[in-house]
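These notes concern the structure reproduced below.
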Ligand code: FES
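Numbering (the working numbering), first residue to last: 1 to 150.
Listed below in structure tokens is the structure:
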């Protein structure tokens, strides 16, 4: 990671967000050790870094799978039974929301409104949105991703 820190050689506090973005882009997620290192480097208290990193949705402290599945539990999706999606995906992946499969192929997260309420319920897998799927659609999608090479 030294090459990332070298990019921000001026060590200004305003470099905090771009520095965290670059580290996360390379590592996939942030850790307590990374926060400590950034705090030392920029001379910023760790609680300020956690404050920033937890305020913005873009930062995460957990590793994601190759395919990160987000199930919307906003009001509209909730009313359209998104909980049945969640149950089905948890069953298919054998993990609960917030976790990553052992092979690190999938991770599962519950999120709030993704801005597609008119097409509820909504799930997102990496950058792709899916609307109003059936349970068998979910199973087909996950099977296809599981079998996909890279
Ligand atoms: S509540 Fe799910 S997209 Fe808005």
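Ideal Cβ placement from N, Cα and C applies to all residues, glycine included.
Between residue 69 and residue 106, the gap from beta carbon to beta carbon is short of 9 Å. In terms of side-chain proximity, the C-beta atom of residue 15 is found no nearer than 8 Å to any non-hydrogen atom of the ligand FES. Only exposed fits residue 10, as fewer than 16 other CB atoms lie within 10 angstroms of its CB.
Taking the Cα positions, residue 122 is about 13 Å away from residue 137. For residue 145 and residue 134, the gap between their C-alpha atoms comes out near 17 Å. Counting the other CB atoms within 10 Å of its CB gives residue 56 a total below 16, which places it among the exposed residues.
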